[in-house]
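If you read the sequence shown in the numbering used here, its first letter stands for residue 104, the second for the next number, and so on.
See structure below.
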Amino acid sequence: MVTRTTELYVELYGERARDNTMVLVEEVADGGWGISGNVLTLAMLGETTPADPNDA
104 MVTRTTELYV
114 ELYGERARDN
124 TMVLVEEVAD
134 GGWGISGNVL
144 TLAMLGETTP
154 ADPNDA
């Protein structure tokens, strides 16, 4: 879905749109974001679960 949506924008607006196309697939916890036709995961972004405020 992320790849095809990105490709659709590239077809419509040209290759310059690829690096500026962000896709959000709602209701998908991890891997729901994509950019440049690639799916992003929390591990790829270097994120972990939100910090517990009680740990401070």
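All residues carry an ideal CB built from backbone N, CA and C; glycine is no exception.
Being a predicted model, the structure only gives us computed values, none of them experimental.
Short of 7 angstroms from the beta carbon of A120, and not among the five residues preceding or following it, lie these beta carbons of its own chain, in chain order: Y112, V113. If you compare the alpha carbons of M147, N141, L145 with that of V126, the shortest gap goes to N141.
Here the alpha carbons of G134 and R107 stand approximately 15 angstroms from one another. In this chain, the beta strand (DSSP E) harbouring M125 covers 125–127. When the five nearest sequence neighbours on each side are left out, the beta carbons in the same chain lying within less than 6 angstroms of the beta carbon of T144 are those of D133, G134, in order along the chain.
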